[in-house]
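Below is one structure; the comments refer to it alone.
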Amino acid sequence: MKTAALSKRSLAATAVLLAVIGFGLFAWLHRGPHYQGKSARDWVEQLLHDNANARQALRKIGPAAVPALTEALDRRRGRFWTWLEGWRPKLPRFIARKIPRRALDQLLQERAIEVLYEFGPASAPAVPALLGVDASLNDFIGFGSGGLARATLLQIGPAGLPYLIRMFKRNDPRIRVKAALYIGHLGSQAGAAAPALARALQDSNPSVRGSAVMALAQIGPPARNAIPELKAALRLNDDYFRLQVIDALWTVGCESETTVPILIRILSDQNNPNRAGAATVLAEMGPAARAAAPALSNVLREEFSYTRVKAEEALKQIEGSATRRE
4 MKTAALSKRS LAATAVLLAV IGFGLFAWLH RGPHYQGKSA RDWVEQLLHD
54 NANARQALRK IGPAAVPALT EALDRRRGRF WTWLEGWRPK LPRFIARKIP
104 RRALDQLLQE RAIEVLYEFG PASAPAVPAL LGVDASLNDF IGFGSGGLAR
154 ATLLQIGPAG LPYLIRMFKR NDPRIRVKAA LYIGHLGSQA GAAAPALARA
204 LQDSNPSVRG SAVMALAQIG PPARNAIPEL KAALRLNDDY FRLQVIDALW
254 TVGCESETTV PILIRILSDQ NNPNRAGAAT VLAEMGPAAR AAAPALSNVL
304 REEFSYTRVK AEEALKQIEG SATRRE
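In our numbering, each residue's number is its place in the sequence shown (first place is 1) plus 3.
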């Protein structure tokens with residue numbers, strides 16, 4: 004009996020030992036990238052105290068350091084820490100030194116973004132965090148977190164497209180707007196984003212809708228899959244938004260049959276503030292907008308105005324281009 008009990012205890016102890024060893028091995032294998040005995044996370048923190056050496060170490064680690072750099076961007080201090088920081092001058096020095104400083108968080112964020120910029124397209128996993136970076140005081144007096152984040156997103160380029168598309172699921176409309184804007188910057192390379200942008204045309208936030216339609220216009224023909232949703236968006240009771248949609252329909256699919264009548268209606272209403280915009284879009288269409296020539300001619304009979312100038316330009320594009328083609 005005693006031998007059996009000892010045997011069971013030995014087996015249990017062996018199992019525990021093996022579990023501890025296994026856990027330790029797992030932790031070691033997943034400890035993240037290291038350089039000179041320090042983890043990427045340690046080197047990121049070192050950016051505050053020894054920027055040059057820390058940046059060099061992170062360069063050596065390479066894109067494997069992106070997750071640690073992204074953590075520095077996502078660092079947020081709650082209301083408690085903000086309240087406590089206000090009490091810093093009244094606290095004993097040894098306590099005050101332990102309280103995180105917002106200015107240091109800001110500096111670390113800026114230096115982390117600078118390293119991400121160097122990694123270029125390899126920093127694509129940091130796109131969600133970069134979109135969440137807000138402008139700082141340094142953006143008004145120099146090049147702060149906001150400006151650095153924008154430059155880095157542009158540097159990442161098409162590699163960030165899958166991450167930008169996912170951002171339309173975020174609750175914050177500001178993030179959705181930013182995602183659409185950066186997709187637009189990619190131009191014809193962002194055709195894969197057309198379905199997500201098409202859905203965004205029905206977003207409850209007008210800024211998101213406007214950013215989505217502008218992005219589709221910038222993408223051009225590769226966004227042809229969004230044409231049905233663009234046509235549906237013409238039903239919204241917002242002439243300024245309609246102008247954006249019509250412009251997108253023209254650049255994406257050279258659509259004029261359903262849109263020129265809308266532009267004529269806007270142009271014919273002397274109280275509509277979007278008349279000059281309508282004339283501008285008609286000028287872009289050229290001969291395809293010939294049906295609008297009478298309405299544009301009527302505008303030329305009005306008193307001098309910016310709308311009349313744009314109407315004259317539109318007629319030149321419509322009639323001049325048609326004459327050259329003939």
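Just so you know, even glycine gets a beta-carbon here, dropped at the ideal spot from N, CA and C.
Separation of residue j from residue i, as counted between CA atoms
i, j, result
"HIS188", "ARG153", "11 Å"
"ASP108", "SER148", "11 Å"
"LEU151", "LEU50", "16 Å"
"LEU32", "LEU246", "Caution is warranted here: a pLDDT of 40 is assigned to LEU32, below 50, making its placement in the model unreliable, and the coordinate value is therefore given only provisionally. Taking the straight line from one Cα to the other gives about 56 Å."
"GLU74", "ARG179", "21 Å"
"LEU111", "GLY163", "23 Å"
"PRO131", "ILE168", "10 Å"
"VAL255", "PRO231", "11 Å"
"GLU113", "ALA182", "21 Å"
"PRO161", "ASN240", "34 Å"
"SER308", "THR283", "14 Å"
"PRO290", "GLU322", "7 Å"
"VAL216", "LYS63", "42 Å"
"ILE116", "ALA60", "15 Å"
"ALA226", "ARG177", "23 Å"
"ARG327", "GLN320", "With a pLDDT of 43 at ARG327, under the threshold of 50, the modelled position of this residue cannot be trusted, and the question is left open."
"ALA199", "CYS257", "21 Å"
"LEU133", "GLU260", "41 Å"
"VAL263", "ALA294", "7 Å"
"PHE122", "LEU233", "37 Å"
"ALA71", "ASN275", "53 Å"
"ARG44", "ASP250", "47 Å"
Nonlocal neighbours in the same chain, by C-beta distance under 6 Å from residue i, ignoring five residues either side
i, result
"ALA236", "LEU204, VAL248"
"ALA30", "Since pLDDT at ALA30 reaches only 40, below the 50 mark, its modelled position is unreliable, and the value read off the structure follows with that caveat. Cβ neighbours of ALA30 beyond the five flanking positions: none."
"ASP242", "ILE269, ASN277"
"TYR38", "ALA60, LYS63, ILE64"
CB of residue i within 9 Å of CB of residue j, strictly
i, j, result
"GLU306", "TRP253", "no"
"SER1", "ASN228", "A query on residue 1 cannot be resolved here, the shown segment of the chain reaching from 4 to 329 and no further."
"LYS313", "ALA279", "yes"
"ALA298", "ILE267", "yes"
"LEU219", "ALA195", "no"
"LEU184", "SER207", "no"
"LEU212", "PHE244", "One point to set straight first is that residue 212 is Arg, not Leu, in the sequence displayed. Against a cut-off of 9 Å, the Cβ pair of PHE244 and ARG212 comes out as a contact."
"TYR166", "PRO124", "no"
"VAL47", "ALA55", "no"
"ALA68", "VAL118", "yes"
Unbroken alpha helix (DSSP H) run spanning residue i, endpoints
i, result
"THR310", "309 to 318"
"LEU252", "242 to 256"
"ASN301", "296 to 302"
"SER210", "209 to 222"
"PRO131", "130 to 134"
"ALA235", "230 to 236"
"ILE321", "It is not in any alpha helix (DSSP H) - ILE321 carries neither H nor E in the DSSP assignment."
"LYS172", "Per DSSP, LYS172 belongs to no alpha helix (DSSP H) and is neither H nor E."
"THR261", "THR261 -> no alpha helix (DSSP H), and no H or E assigned at all."
"GLU305", "Segment: none, GLU305 is in no alpha helix (DSSP H) and carries neither H nor E."
"PRO198", "197 to 203"
Residues near residue i by beta carbon distance below 8 Å, same chain, minus five either side
i, result
"TYR120", "SER126, LEU151, ALA154, THR155, GLN158"
"GLY190", "GLN221, ILE222, GLY223"
For residue i, three-class secondary structure by DSSP
i, result
"SER42", "strand"
"HIS188", "helix"
"VAL69", "helix"
Chain C within 9 Å of residue i, Cβ atoms only
i, result
"PRO176", "As a matter of chain content, chain C is missing from the structure shown, which is built from one protein chain."
Close Cβ partners of residue i (< 7 Å) along its chain, the five nearest in sequence each way excluded
i, result
"ALA193", "LEU164, ILE186, ILE222"
"SER210", "PRO176, VAL180"
"THR310", "ARG278, ALA279, ALA282, VAL302"
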